[in-house]
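Protein chains in written order, with the working numbering: chain A, 190 to 493; chain B, 95 to 613.
Think of the CB as a built atom: it goes at the ideal place given N, C-alpha and C, for glycine as much as any other residue.
Since the model is a prediction, treat every value here as computed from it, not as a measurement.
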Amino acid sequence: MHDSHEPVIEIHDLVKAFGSFRALDGLDLSVVPGEVHGFLGPNGAGKSTTIRVLLGLLRSDAGTVRLLGGDPWRDAADLHRRLAYVPGDVSLWPNLSGGETLDLLIRMRGADPRQSRRDEMVERFALDPTKRGRAYSKGNRQKVALVAAFATDPELLILDEPTSGLDPLMEQVFNDCVAEHTARGATVLLSSHILSEVERLADRVTLIREGRVVETGTLDSLRHLQRTRLVAGLSGEVPDLGGLDGVHDVAVEGAKVTCTVDADALPGVLAALTAAGVTSLTSSPPSLEELFLDAYRDRAGAGR
Amino acid sequence: MSTTTGWRLLLGLALRRDRVLAAVWIAVLVLMSVASAAATPSLYADQADRVHAAEALNASPAIVALYGPVLDVTSEGELAMTKMTVLYAVFVAVLFVVVVRRHTRVEEETGRTELVGGTSVGRNAPLLAVAVETLLLAAALGVLTAVGNAVSGLAPSGSIAFGALWAGTGLVAAGIGAVTAQVSASARTCAGFAAATIGVLFVLRAAGDTGPEWLGWLSPLGWNTRVAAYGDTRWWLLAAYPVLTVALAAVAVALRGRRDLGSGLLAARPGPAEGSPRLTDALTLALRTTGTTLLLWTLAAGVLGVVFGMIAPGIGDLLDSETAQSLIDELGGELVAAILSVVAVVLTYFAATVVAHTARDETDGRAELVLATGTSRGAWFGATLVVALVGTALLLVVTGIGLWIGYVAADGPGIGNLLVAALAWVPAAWVVGALAVLSLAWGTRWSVLAWVWPAAFLVLGMLGDLLELPAWVSGLSPYAHVPSLPSEQWSWGSSGTLTALAVALLLVAWWRFRERDIH
């Protein structure tokens with residue numbers, strides 16, 4: 190097993206350019222043994238590029254990358270027997286059945302499908318293994334990769350937007366599986382572009398944007414990013430929410446008010462809205478892009 | 095909304111996507127035709143010389159089986175177009191099948207049809223768009239060929255007939271492509287059906303030209319000869335191509351109406367719930383995914399070998415004097431060599447299909463899935479080159495065995511070991527296969543060159559002969575360095591050099607593949 194003090198993933202000052210485009214521009218990432226690490230960023234931020242460098246598929250232009258104590262470029266095949274990877278967009282061989290693909294992937298990682306939890310996972314994810322690759326939907330292709338990953342006991346699971354094609358029921362199965370693997374001591378790198386998806390599972394998160402780390406830390410230390418977006422329809426007069434602490438982006442349109450609210454300011458805002466007579470209320474987590482815009486605007490404002 | 099709404103948009107998209115493929119392919123075909131037309135007059139001193147050459151071609155059943163007969167031996171155009179009329183018409187047919195398949199079944203398999211179908215585009219719009227595209231391509235090919243041949247000095251009316259018959263061949267092939275696209279849910283099965291159909295039509299024609307005449311009338315490729323473009327032209331026969339095309343298109347539309355998007359007439363069978371215990375690594379995976387293709391190629395190579403092997407000794411009927419025995423042996427050997435020189439190039443395309451398959455695995459993300467397991471780059475790359483190169487060698491061996499069986503079955507005179515004659519082509523095929531592998535290793539973007547190399551060298555060899563290019567130019571083709579066994583001697587020098595070159599190319603390919611990014 191891996192030395193428990195050394196980070197499972199250690200990336201420092203990583204640069205990867207495609208032509209003149211710098212996909213990764215001095216990225217740092219550290220994942221310690223046994224944690225679920227959320228890897229967050231909007232589409233195109235460089236999450237998949239980082240993962241591909243970690244898997245030795247892409248060669249880094251500068252910086253250091255250590256994976257499970259080894260060099261992911263030089264020792265790729267050996268390191269890969271100790272991890273499982275689920276790509277964001279799974280493509281299967283058109284003429285191979287799901288069952289064949291599963292067994293192939295498990296065997297290629299050096300495990301025996303018959304001594305794995307393959308059949309149990311097939312059942313839990315409600316996967317029909319007799320279908321051909323070309324006949325699977327996006328969600329089902331993703332399930333094939335997930336079943337192959339969860340069937341064995343790898344030290345590290347690298348999951349790139351793994352739930353993007355799954356329905357809520359399957360998302361629950363997915364969450365259970367991640368919990369089971371962390372319970373036995375596995376480390377998980379979970380990439381996503383939706384904060385709330387990672388919130389449920391992650392111990393720590395790293396936020397990246399344009400190939401650089403914006404924030405990293407425990408979820409608690411990122412509370413300031415966990416705002417809620419509220420849209421309320423009111424029967425009475427619209428109260429002045431902008432005056433309250435922790436309320437941002439207030440916009441009033443007739444009897445409708447929109448704002449984003451910090452977690453600790455929610456009770457005050459809800460009280461004010463209730464007093465004004467709420468006829469409708471929707472709350473949603475803001476997109477990462479919105480959060481980043483906020484963060485940048487705030488920082489630019491503080492600098493002035 | 096009609097079922098064809100939006101076809102103009104799709105046509106524009108298709109022409110945009112095909113602009114390089116179709117332009118290059120048509121340009122090469124026209125160039126071959128024009129070069130043949132322009133070169134012929136200088137090859138023969140006078141009419142008698144030409145008639146003699148045409149009669150010599152007709153006297154050899156193997157040549158007739160390969161190219162079709164010269165129906166009018168006095169016609170210069172008929173002689174000039176010997177190789178173009180049938181054999182190169184096959185390349186015309188392949189272009190049109192490729193184009194049709196690309197815009198129908200492949201689009202459905204990748205889900206792009208669904209993307210388009212979600213917009214305001216009718217169900218039959220993709221089929222109509224590709225039909226119009228193939229009409230435009232056929233017209234371009236026909237007109238350019240006719241003009242080119244006429245400008246090169248062949249009879250203008252014959253050139254029009256010839257351009258028309260090439261265009262007609264293309265249209266019929268497009269029809270075949272459209273029908274096969276409806277039959278199966280898989281783009282690969284579609285390609286297999288279409289290739290098999292063209293193969294059957296070619297063999298029907300070969301049988302008709304060397305045996306019962308009526309068999310040739312069943313094949314559009316047989317019509318190509320029977321139109322006699324530069325002889326006593328059967329103009330009415332040109333009408334048969336559009337009639338057959340319309341019939342095939344009607345069948346395709348009828349079939350399309352009977353199936354759902356993404357499915358085929360042949361229902362997809364469920365696969366095994368578990369993988370075979372032997373399916374464990376990159377090599378067994380490559381064999382599993384290309385095994386059916388290799389089997390079909392092997393069958394085709396064997397059958398073609400036996401057919402040509404049986405036809406080749408027919409030369410003996412013409413010269414039955416005892417003293418002519420050595421001449422017969424020599425001619426028989428040359429015929430086998432001529433057949434092998436074409437078959438070897440065609441068989442190299444197996445390597446191209448394997449390379450294309452690996453390239454698609456990479457662009458689609460399946461290579462990423464495999465390379466994130468314990469499978470190393472070396473194993474992944476090695477599997478591709480082993481299947482591509484060993485497969486090509488196997489196909490040549492099977493061809494050699496087929497030739498030998500056919501030759502012996504037809505009581506051919508002893509002309510040496512036909513298996514060795516086939517093996518002589520292996521090093522050259524390996525060099526071209528290694529170039530295909532190198533193209534993939536350089537980057538998936540270059541892997542399309544895998545399809546270009548064999549054709550480019552074939553064209554180079556032919557143009558070298560026709561245009562009397564300097565020896566070093568035609569010498570660029572690896573195929574030019576293969577001794578014409580069995581009439582020539584096996585050369586350890588050339589086979590050794592070619593094999594060493596192939597190994598060197600593979601080493602460069604490996605060095606590059608190890609260093610580059612996988613996308």
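Please classify residue i as buried or exposed, where buried requires at least 16 neighbouring CB atoms within 10 angstroms.
i      : result
A:A315 : exposed
B:T384 : buried
A:E312 : exposed
A:S181 : For residue 181 of chain A there is no data in the structure shown, the boundaries of chain A being 190 and 493.
B:L441 : buried
B:H146 : exposed
B:F256 : buried
A:D260 : exposed
Would you kindly work out how many angstroms separate the C-alpha atoms of residue i and residue j, rounded to a whole number?
i      : j      : result
B:P366 : A:L291 : 11 Å
A:V403 : B:L488 : 57 Å
A:L218 : B:R471 : 26 Å
B:G369 : A:L293 : 7 Å
B:R110 : B:A187 : 21 Å
B:V118 : B:S533 : 19 Å
A:A461 : A:S410 : 28 Å
A:L335 : A:R307 : 10 Å
A:D451 : A:R416 : 5 Å
A:R330 : A:L408 : 31 Å
A:E386 : A:G425 : 36 Å
A:L272 : A:G322 : 24 Å
B:P564 : B:L209 : 52 Å
B:D319 : B:L165 : For clarity, residue 319 of chain B is Thr in the given sequence; the question names Asp instead. Whole-angstrom Cα-Cα distance: 7 Å.
A:G431 : B:R608 : 59 Å
A:G208 : B:V602 : 23 Å
A:K327 : A:D317 : 14 Å
A:I383 : A:T238 : 18 Å
A:D301 : A:I295 : 7 Å
A:H269 : A:R373 : 19 Å
A:R398 : A:F339 : 29 Å
A:G466 : A:L246 : 57 Å
A:E369 : A:Y274 : 17 Å
A:V242 : A:A337 : 22 Å
B:L497 : B:A301 : 16 Å
Based on the DSSP output, what are the partners of residue i in its beta bridges?
i      : result
A:V436 : A:V450
A:H201 : A:T253
A:D214 : A:V204
A:A273 : A:L346
A:S381 : A:L229
A:R321 : A:S286
B:R299 : In the DSSP output, where bridge partners are listed per residue, B:R299 has none listed.
A:V394 : A:G227, A:G406
A:E442 : A:K445
A:L423 : A:V467
A:S472 : A:L419
B:T384 : BP columns for B:T384 are empty, so no partner.
Which residue from the options puts its Cα closest to that of residue i?
i      : options                        : result
A:I198 : A:R211, A:E224, A:G208         : A:E224
B:Y501 : B:R320, B:A232, B:A406, B:A289 : B:A406
A:D250 : A:V204, A:V387, A:A440, A:A324 : A:V204
A:V333 : B:G236, B:S568, B:L463, B:A518 : B:L463
A:L433 : A:E442, A:V458, A:T447, A:V446 : A:V458
B:G264 : B:R113, B:T207, B:L338, B:A249 : B:L338
A:I347 : A:P474, A:H226, A:A206         : A:H226
B:E172 : B:L151, B:L295, B:A323         : B:A323
B:A522 : B:E582, B:S246, B:F551         : B:F551
B:S127 : B:G247, B:S169, B:L231, B:V114 : B:G247
A:E309 : A:V420, A:G406, A:T341         : A:T341
B:L312 : B:V321, B:L295, B:T304, B:G325 : B:L295
B:L115 : B:G558, B:T591, B:A596, B:L543 : B:L543
Is residue i near the ligand ADP, with its Cβ less than 8 Å from a heavy atom?
i      : result
A:T407 : With respect to the ligand ADP, the structure offers nothing, as it holds no ligand at all.
Practice task
Check whether the segment 266-285 of chain B touches the segment 183-194 of chain B, counting contact only when three or more Cβ pairs, one atom from each stretch, lie closer than 8 Å.
Solution key: yes
Exercise for the section: Pair every Cβ in the segment 330-349 of chain B with every Cβ in the segment 432-444 of chain B, then say whether three or more of these pairs are closer than 8 Å. Expected result: no
Exercise for the section: Would you check if there are 3 or more beta carbon pairs closer than 8 Å linking the segment 122-137 of chain B to the segment 388-408 of chain B? Expected result: no
Problem - Inter-stretch contact (C-beta, 8 Å, three-pair minimum) for the segment 275-290 of chain A and the segment 340-353 of chain A - result: yes
Problem - Meets three-Cβ-pair contact criterion under 8 Å: the segment 379-394 of chain B and the segment 137-148 of chain B - result: no
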